[in-house]
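A.B. asks:
Number of protein chains: 2
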Amino acid sequence: MVSSPTVRDVAARAGVSRQTVSNVFNAPDRVDPRTMAKVLTAVEALGYRPNRSARSLKTRSAELIGYCVPSRPAGPLMDTFLHALCNAAEAVNRHVLLFTAGDGDMSAYQNLVAQQAVDAFVLSDAVDDDPRHRWLTERKIRYASFGRTWPAHGEQPAPWVDVDGAAAIHDIVTGLVSLGHQRIGFLGWWHGIGAMQDRLRGWRAACAEHRLPHGDPLVVRAIADTMADGRAAARRLLNLADPPTAMVAVSDVLALGVCQELAGRGLVPGKDVAVTGFDDTMLASVVEPGLTSVRQPVERIAEALVRSLVGGDGHHDVRVLLRGEIVSRASAPIPTPTARSVT
Amino acid sequence: MVSSPTVRDVAARAGVSRQTVSNVFNAPDRVDPRTMAKVLTAVEALGYRPNRSARSLKTRSAELIGYCVPSRPAGPLMDTFLHALCNAAEAVNRHVLLFTAGDGDMSAYQNLVAQQAVDAFVLSDAVDDDPRHRWLTERKIRYASFGRTWPAHGEQPAPWVDVDGAAAIHDIVTGLVSLGHQRIGFLGWWHGIGAMQDRLRGWRAACAEHRLPHGDPLVVRAIADTMADGRAAARRLLNLADPPTAMVAVSDVLALGVCQELAGRGLVPGKDVAVTGFDDTMLASVVEPGLTSVRQPVERIAEALVRSLVGGDGHHDVRVLLRGEIVSRASAPIPTPTARSVT
DNA sequence: CTGAAAGCGCTTACAG
DNA sequence: CTGAAAGCGCTTACAG
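Protein chains in written order, with UniProt numbering: chain A, 1 to 343; chain B, 1 to 343.
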């Protein structure tokens with residue numbers, strides 16, 4: 001790695017001032033096309049790119065977005081989300097700076113801000129009443145969250161981008177109804193995290209709309225997000241006097257537990273009992289029969305997040321609710337909107 | 001976000017020169033303890049941290065390590081690897097800069113280097129004769145690779161850190177032998193990527209050592225890394241005149257396919273036929289019975305990678321081969337080294 | 001051990 | 001449209 005060329009070198013080679021070289025990059029409209037061409041030639045020949053540190057120092061902008069990589073189990077779509085986030089950032093000439101933080105410890109955020117190492121943060125895996133949101137909001141630090149935080153009371157701090165879980169589950173139920181199901185169970189978690197409540201609301205609303213039963217017996221809850229707990233929950237549903245013919249689970253793992261319990265009883269998912277999951281993780285596609293699930297539009301989420309961060313001003317209370325996409329597989333061959341309109 | 005304090009502010013408040021403030025951070029041994037205390041008090045009071053851009057500009061070091069997030073399916077351990085990488089980087093006061101790149105397109109790397117936005121790169125998911133390694137080596141750009149690239153001919157470009165797949169599979173086979181197995185099959189992939197060959201070598205060597213059969217009929221290959229292909233491969237093995245009683249798969253997904261085929265035949269993994277996977281992905285722990293697999297020591301890998309990058313000099317041809325850890329579950333209850341020594 | 005000074009490479013009003 | 005000049009905040013030989 002030999003020392004890189006600087007504006008000075010480019011200017012000398014192109015026979016212009018350093019200011020002009022800078023203009024080529026930062027105010028191209030202000031420079032004569034012929035001069036532009038000369039400079040660009042020199043830039044190419046030298047492989048010149050403005051030094052980031054110098055640029056950042058002057059413009060007071062790191063052009064970096066901080067993202068704290070979750071330590072725990074890590075949402076299954078983290079890798080695809082990260083990829084999308086990078087892409088979105090690069091589209092507006094930013095990059096993503098990764099860091100770690102102890103649970104509830106904001107000192108890493110604080111340091112990054114004090115060092116001016118990042119311009120803003122992207123959050124994910126929001127929990128109810130998320131302390132990170134409060135902390136950042138109080139200090140007027142720029143951020144955007146993938147996922148709402150559901151506060152015990154008061155307003156949801158913005159900006160956030162989220163998937164409409166209620167709508168997605170509503171669509172799932174409607175799809176199941178179109179397949180002839182009249183009794184649909186719901187498998188949730190015990191811990192009342194907002195996203196779960198949201199999905200449960202969707203199930204209730206849709207069942208009510210279709211005049212299907214949606215009372216307590218049809219709602220079962222798992223303690224942990226494991227196959228074993230999903231299986232136990234499914235067992236309770238199947239042991240009802242009048243068991244449901246379809247089960248909507250709040251996660252793919254839970255749904256897989258359901259499939260397991262069905263297999264144990266000699267029942268086939270998608271034939272005897274319909275099953276759906278959520279998040280369209282690898283699990284959903286790798287298993288047989290494939291699991292119908294809800295895919296989060298990660299690319300659009302990432303774009304919306306980044307957009308809310310780079311718009312020089314204003315948009316500090318963006319609230320974007322995107323629709324999840326139903327990925328229909330054999331466990332519940334729901335007609336997709338496209339397929340439906342074709343038919 | 002009000003304007004942050006600078007060395008100037010700290011110096012004024014502590015009643016010292018700016019040089020001294022800088023020394024507190026960069027050459028603490030050179031400053032009188034009493035002065036130190038004064039400065040530190042001012043630093044705390046102001047929440048001062050040296051501006052990264054200014055520091056980088058001066059020291060000519062971005063203190064950032066670039067990592068290109070893979071676009072394709074993404075190794076299942078990417079999220080845990082990223083977390084470990086961040087941790088390791090932060091331990092030596094670095095951060096990870098994430099970016100994307102089109103397949104085989106090195107322009108993103110080139111730009112980052114030209115901008116001096118990163119000091120080095122970490123690579124992962126090395127393929128045979130990896131063009132990235134060649135590209136970086138030719139330009140003398142600092143990097144370290146998680147995973148060897150297996151060149152068609154010539155030396156393996158260093159530095160790399162990898163898990164000894166041959167040894168891990170060797171251990172697995174030995175464990176299976178200790179469980180009484182005398183006929184052990186191997187499920188690989190068709191595409192001869194180096195890591196697979198490596199594991200196959202381990203199987204061959206171990207079988208030979210234990211005087212077990214290790215001829216071609218016991219080796220079957222999947223076209224893709226899917227459950228369906230794993231299942232098909234298992235079928236071929238089970239249909240042999242003298243079928244194996246244990247099957248060593250080169251991935252968890254393939255192993256799960258084996259389990260499926262067994263279930264289809266009314267056989268129970270771990271009871272009737274032993275099954276092992278590789279990588280200890282979520283699949284291995286979520287399934288029932290749990291899948292015995294090989295866990296890569298991600299933390300140690302990340303540490304070794306980062307260490308090879310920050311050592312101011314020298315270590316440009318680090319080659320670190322770490323041992324994978326066998327995670328024993330019901331599909332093949334292999335005694336672990338610890339358990340063995342306890343017994 | 002401390003201080004005054006130079007300079008890293010860039011951008012940006014400000015004159016011409 | 002172009003050029004000379006200042007300055008972003010830091011670090012680092014260099015004197016004292």
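Built from N, CA and C at the ideal position, the CB exists for glycine as well.
Only a predicted model underlies this, so the values are computations on that prediction, with no experimental measurement involved.
(1) Exposed or buried, which one is residue 324/A when buried takes at least 16 other CB atoms within 10 Å?
(2) Name the chain B residues whose beta carbon is nearer than 9 Å to that of residue 41/A?
(3) Tell me which same chain residues have a C-beta within less than 7 Å of the C-beta of residue 89/B, skipping the five on either side of it?
(4) Label residue 191/B either buried or exposed according to how many other C-beta atoms from any shown protein chain fall within 10 Å of its C-beta, with 16 as the threshold for buried.
(5) Mind listing the chain B neighbours of residue 259/A? Cutoff is C-beta to C-beta under 7 Å, in chain order.
(6) Does the Cβ of residue 240/B have 16 or more other Cβ atoms within 10 Å, making it buried, or fewer, making it exposed?
(7) Beta-carbon separation of residue 83/A and residue 100/B under 8 Å?
(8) Is the Cβ-Cβ distance between residue 68/B and residue 98/A less than 8 Å?
(9) How far does the alpha helix (DSSP H) with residue 109/A in it extend, from its first residue to its last?
(10) Reducing DSSP to helix, strand and coil, say where residue 299/B ends up.
(11) In chain order, which continuous runs of the alpha helix (DSSP H) of length 4 or greater are located wholly inside the stretch 126-178 of chain A?
(12) So which of 167/B, 180/B, 279/B has the shortest CA-CA distance to residue 204/B?
(13) Put residue 203/B into one of helix, strand or coil per three-state DSSP.
(14) Kindly say whether residue 8/A, judged by its beta-carbon, lies nearer than 8 Å to any beta-carbon of chain B.
(15) For a contact defined as C-beta to C-beta under 8 Å, what are the partners of residue 25/B on chain A?
(16) With DSSP collapsed to three states, give me the class of residue 220/A.
(17) Going by DSSP in three states, residue 339/B sits in which element: helix, strand or coil?
(18) CA-CA distance, residue 20/A and residue 111/B?
(19) Have a look at the DSSP bridge pairing and note the partners of residue 264/A.
(20) How long is the line joining the alpha carbons of residue 50/A and residue 193/A, rounded to whole angstroms?
(21) Quick check on the DSSP output: what are the complete beta strand (DSSP E) runs of length 3 or more inside the stretch 53-87 of chain B, in order along the chain?
(22) Does the beta carbon of residue 239/B sit closer than 8 Å to a beta carbon anywhere in chain A?
(23) Answer yes if the stretch 224-234 of chain A comes into contact with the stretch 244-254 of chain A, meaning at least three C-beta pairs across the two stretches below 8 Å, and no otherwise.
(24) Determine the chain B residues that contact residue 296/A at a beta-carbon separation under 8 Å, and present them in chain order.
(25) For residue 47/A, is the classification buried or exposed, using 16 other Cβ atoms within 10 angstroms of its Cβ as the cut-off for buried?
(26) Taking only beta-carbon atoms, is residue 303/B less than 8 Å away from chain A?
(27) Suppose the cutoff is 7 Å on Cβ atoms and the five residues either side in sequence are ignored; what does the same chain contact list for residue 321/B look like?
(28) Where does residue 285/B sit, in a helix, a strand or coil, going by DSSP?
(29) Here's the rule: buried if 16 or more other CB atoms are within 10 angstroms of the residue's CB, otherwise exposed. What is residue 280/B?
(30) Per DSSP, which one or two residues make a beta bridge with residue 226/B?
(31) Could you name the residues that DSSP lists as bridge partners for residue 7/A?
(32) Can you round the beta-carbon distance between residue 170/A and residue 202/A to whole angstroms, since I take them to be within the 8 Å contact cut?
(33) To the nearest angstrom, how far is it from the Cα of residue 141/B to the Cα of residue 243/B?
(34) Tell me the rounded alpha-carbon separation between residue 105/B and residue 131/B.
(35) Identify the residues that DSSP records as bridge partners of residue 187/A: which are they?
C.D. replies: According to the structure shown:
(1) Working through the first sequence from its first residue, we reach residue 324/A at position 324. By the neighbour-count rule (16 or more Cβ atoms within 10 Å), residue 324/A is buried.
(2) Translated into the one-based positions of the first sequence, residue 41/A becomes position 41. Result: empty, since nearest Cβ-Cβ is about 16 Å, beyond 9 Å.
(3) Walking along the second sequence from the start, residue 89/B turns up at place 89. So the qualifying residues of the chain are 65, 95, 96, 306.
(4) Here residue 191/B refers to the residue found at position 191 when the second sequence is read from its first residue. It is exposed - the Cβ of residue 191/B has fewer than 16 other Cβ atoms within 10 Å.
(5) In the first sequence, the residue the question calls residue 259/A occupies position 259. Per Cβ cutoff of 7 Å: no residues; residue 259/A is ~11 Å from chain B at best.
(6) Working through the second sequence from its first residue, we reach residue 240/B at position 240. Residue environment for residue 240/B: exposed (fewer than 16 other C-beta atoms within 10 angstroms of its C-beta).
(7) If you number the first sequence from 1, residue 83/A lands on position 83. If you number the second sequence from 1, residue 100/B lands on position 100. Going by C-beta atoms, residue 83/A is nearer than 8 Å to residue 100/B.
(8) Counting from 1 along the second sequence, the entry for residue 68/B is found at position 68. Counting from 1 along the first sequence, the entry for residue 98/A is found at position 98. Not closer than 8 Å, so no.
(9) Here the question's residue 109/A lines up with position 109 in the first sequence. Residue 109/A -> alpha helix (DSSP H) spans 107-114.
(10) Position 299 of the second sequence holds residue 299/B. In the structure shown, the three-state DSSP call for residue 299/B is helix.
(11) Uninterrupted alpha helix (DSSP H) stretches at least 4 residues long and entirely within the stretch 126-178 of chain A occur at 131-138, 165-178, given in chain order.
(12) Locating residue 204/B in the second sequence gives position 204, where the first residue counts as 1. Residue 167/B is the option with its Cα nearest to residue 204/B.
(13) Here residue 203/B refers to the residue found at position 203 when the second sequence is read from its first residue. In the structure shown, residue 203/B sits in a helix (DSSP, three-state: H, G or I).
(14) Counted from its first residue, the first sequence places residue 8/A at position 8. Under the Cβ distance rule, residue 8/A does not count among the residues neighbouring chain B, no pair being separated by less than 8 Å.
(15) Taking the second sequence and counting its residues from 1, one reaches residue 25/B at position 25. Those do not exist, as residue 25/B stays about 11 Å from chain A at its closest Cβ, beyond 8 Å.
(16) Against the first sequence, residue 220/A aligns to sequence position 220. DSSP places residue 220/A in strand when its eight states are reduced to three.
(17) Position 339 of the second sequence, counted from the start, is the residue given in the question as residue 339/B. Reliability fails at residue 339/B, whose pLDDT of 46 lies under 50, so the model's placement of it is uncertain and no value is given.
(18) Against the first sequence, residue 20/A aligns to sequence position 20. Against the second sequence, residue 111/B aligns to sequence position 111. Looking at the two C-alpha atoms, the distance is approximately 21 Å.
(19) As a working note, residue 264/A is residue 264 in the first sequence. DSSP output for residue 264/A lists no bridge partner at all.
(20) For the purposes of this step, residue 50/A is identified with residue 50 of the first sequence, where counting begins at 1. For the purposes of this step, residue 193/A is identified with residue 193 of the first sequence, where counting begins at 1. The alpha-carbon atoms of residue 50/A and residue 193/A are separated by roughly 46 Å.
(21) Here the runs fully enclosed are 64-68.
(22) Locating residue 239/B in the second sequence gives position 239, where the first residue counts as 1. Taking Cβ atoms only, chain A never reaches closer than 8 Å to residue 239/B, which makes this a no.
(23) Contact between the stretch 244-254 of chain A and the stretch 224-234 of chain A is present, because at least three Cβ pairs lie under 8 Å.
(24) Translated into positions along the first sequence, residue 296/A becomes position 296. Residues of chain B whose Cβ lies closer than 8 Å to the Cβ of residue 296/A do not exist, since the nearest Cβ in that chain is about 16 Å away.
(25) The residue labelled residue 47/A in the question sits at position 47 within the first sequence. Answer is exposed; the Cβ neighbour count stays below 16.
(26) If you number the second sequence from 1, residue 303/B lands on position 303. No, because no Cβ of chain A sits closer than 8 Å to the Cβ of residue 303/B.
(27) Residue numbering aside, residue 321/B sits at position 321 when the second sequence is read from its first letter. Within the same chain, residue 321/B has close Cβ partners 162, 164.
(28) Against the second sequence, residue 285/B aligns to sequence position 285. DSSP places residue 285/B in helix when its eight states are reduced to three.
(29) Translated into positions along the second sequence, residue 280/B becomes position 280. Buried.
(30) Here residue 226/B is taken as the residue at index 226 of the second sequence, counted from 1. Beta-bridge partners of residue 226/B (DSSP): none assigned.
(31) Residue mapping note: residue 7/A aligns to position 7 of the first sequence, counting from 1. Per DSSP, none; premise fails for residue 7/A.
(32) Counting from 1 along the first sequence, the entry for residue 170/A is found at position 170. Counting from 1 along the first sequence, the entry for residue 202/A is found at position 202. The beta-carbon distance between residue 170/A and residue 202/A, rounded to whole angstroms, is 4 Å. This is short enough to meet the 8 Å contact definition.
(33) As a first step, residue 141/B must be located in the second sequence, where it is residue number 141. As a first step, residue 243/B must be located in the second sequence, where it is residue number 243. Those two C-alpha atoms are separated by around 51 Å.
(34) As a first step, residue 105/B is located in the second sequence; it is residue number 105 there, counting from the start. As a first step, residue 131/B is located in the second sequence; it is residue number 131 there, counting from the start. Between residue 105/B and residue 131/B, the C-alpha separation is close to 10 Å.
(35) In the first sequence, the residue the question calls residue 187/A occupies position 187. In DSSP, residue 187/A forms a bridge with 220/A, 249/A.
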